[in-house]
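Residues in the sequence shown are numbered consecutively from 18, following our numbering.
For every residue, glycine included, the Cβ atom is placed at its ideal position computed from N, Cα and C.
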Amino acid sequence: MDRSRAIGIGFVIVSAFSFGSGALFAKPVYGAGLDWLTLLAWRFLIGAGLGWAWLLSSPVRRAGLTRLTRRSVVISLGLGLFYLGNSGTYFAALETVPASLAALIVYVYPALVAVLALRFGQPLEGRRAWAALGIALAGVALAVGGINAADMPPLTGLILTIASPVIYAGWIIMSARLSGERSDRVGVADETGAEAAAATTLMMTATAVSFWLIAGLAGRPLLPADIPAAAWPGLLGVGAVSTFLAIQTFYVGTRRLGAAQAALISTVEPIWTISLAALLFGESLAPIQLLGGGLILAAVILAQTSPGSARSALRTVLRVADE
18 MDRSRAIGIG FVIVSAFSFG SGALFAKPVY GAGLDWLTLL AWRFLIGAGL GWAWLLSSPV
78 RRAGLTRLTR RSVVISLGLG LFYLGNSGTY FAALETVPAS LAALIVYVYP ALVAVLALRF
138 GQPLEGRRAW AALGIALAGV ALAVGGINAA DMPPLTGLIL TIASPVIYAG WIIMSARLSG
198 ERSDRVGVAD ETGAEAAAAT TLMMTATAVS FWLIAGLAGR PLLPADIPAA AWPGLLGVGA
258 VSTFLAIQTF YVGTRRLGAA QAALISTVEP IWTISLAALL FGESLAPIQL LGGGLILAAV
318 ILAQTSPGSA RSALRTVLRV ADE
């Protein structure tokens, strides 16, 4: 394995664990009486603030900002606005949907990325992505269908949870194209990470400004004095870990691997979220829901491997999960 690919895999694993922790940071914030709009306003303010501090602290990274073309700046800001949909639907759903169930449903996005990559990114071989999409949707149906009637979240929560991976898949494809991925190639890796730092900081800034405007117009509590003390650890965690670190590392990893392969490596994310949700909040899934999760993971592997490399990819995923 070449050095660039190994670094890319490492970045994507860190990103998966960081993203997967977002639901765990959010639950205590909701328990303190805040809603998803306040959480997301502070999430992206903290993430963008850390992004600018990281960007401006090094001459190399500052130079990366100046190297961005006008088109790249516009696309970065546009991706930040697009991220409103993914983040908003997911964290709004977490007010009523258990973190472990949300992690399973949202994880249909790698199969969606594989399908979109057939047209807009580095395509996968054959028609396996379409079969994988069907299997992944069946897995989501089992995950949702296995909920006991007494524990069934509101329909709006389930709809929001399902909408999130659809929007996120589109965001990943557009982010990958910004990094240089096309149907015939993967973008050239930015060894210093300077351009990735600049682009992701602009994205987070656009998202932060938008959520603060929306939350302010909606009359949500935003001033530090209005935030309960019990909410701050979760807000800081979701901003620093599940936003700044997660987005930066995913963007850098995608530059080296391509969107579809980065999504494959991210199969560790729901395992991480479900395990910690069980440990921290006592959440558990029914056997049929675990079967649905297994189908989703199998669909991801099927979608992103050629017929001759399926076993190798499965061993890679299991090895990554063990590590």
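Residues of its chain near residue i, where Cβ-Cβ distance is below 6 angstroms and the 5 sequence neighbours each way are ignored
| i | result |
| --- | --- |
| residue 216 | 93 |
| residue 26 | 282 |
| residue 229 | 58 |
| residue 291 | 117 and 120 |
| residue 28 | 266, 269 and 270 |
| residue 115 | 300 |
| residue 124 | 287 and 313 |
| residue 65 | 221, 222 and 225 |
Cutoff 7 angstroms; reference residue i; Cβ partners in own chain excluding five residues on either side
| i | result |
| --- | --- |
| residue 253 | 63 |
| residue 242 | none |
| residue 108 | 43, 53, 56 and 57 |
| residue 315 | 152 |
| residue 308 | 159 |
| residue 183 | 129 |
| residue 23 | none |
| residue 192 | 96, 268 and 271 |
| residue 148 | 319 |
| residue 69 | 218 |
DSSP three-state assignment for residue i, whether helix, strand or coil
| i | result |
| --- | --- |
| residue 125 | coil |
| residue 117 | helix |
| residue 234 | helix |
| residue 133 | helix |
| residue 112 | coil |
| residue 22 | helix |
| residue 220 | helix |
| residue 171 | coil |
| residue 93 | helix |
| residue 200 | In this prediction, residue 200 has a pLDDT of 49, which is less than 50 and means its spatial position is unreliable; nothing more can be read from the coordinates. |
| residue 280 | helix |
| residue 299 | coil |
Residue i burial status per 10 Å Cβ neighbour count (16 or more: buried)
| i | result |
| --- | --- |
| residue 273 | buried |
| residue 236 | exposed |
| residue 117 | buried |
| residue 77 | exposed |
| residue 169 | exposed |
| residue 301 | exposed |
| residue 74 | exposed |
| residue 98 | exposed |
| residue 190 | buried |
| residue 86 | exposed |
| residue 313 | buried |
| residue 145 | buried |
| residue 178 | buried |
| residue 304 | exposed |
| residue 60 | buried |
| residue 297 | exposed |
| residue 260 | buried |
| residue 133 | buried |
| residue 83 | exposed |
| residue 234 | exposed |
| residue 246 | exposed |
| residue 240 | exposed |
Own chain partners of residue i with C-beta closer than 8 angstroms, once the 5 adjacent residues on each side are dropped
| i | result |
| --- | --- |
| residue 112 | 47, 52, 53 and 174 |
| residue 289 | 33, 34, 37 and 38 |
| residue 90 | 219 |
| residue 172 | none |
| residue 238 | 51, 55 and 244 |
| residue 106 | 177, 178, 180, 181 and 184 |
Legend entry - Segments of 4+ residues assigned as alpha helix (DSSP H) that fall wholly inside the stretch 25–88: 39–48, 53–73 and 76–84
Inset, instruction - Starting from the N-terminal side, write out each stretch of the alpha helix (DSSP H) that is 4 residues or longer and does not extend beyond the stretch 237–276. - result: 249–256 and 263–274
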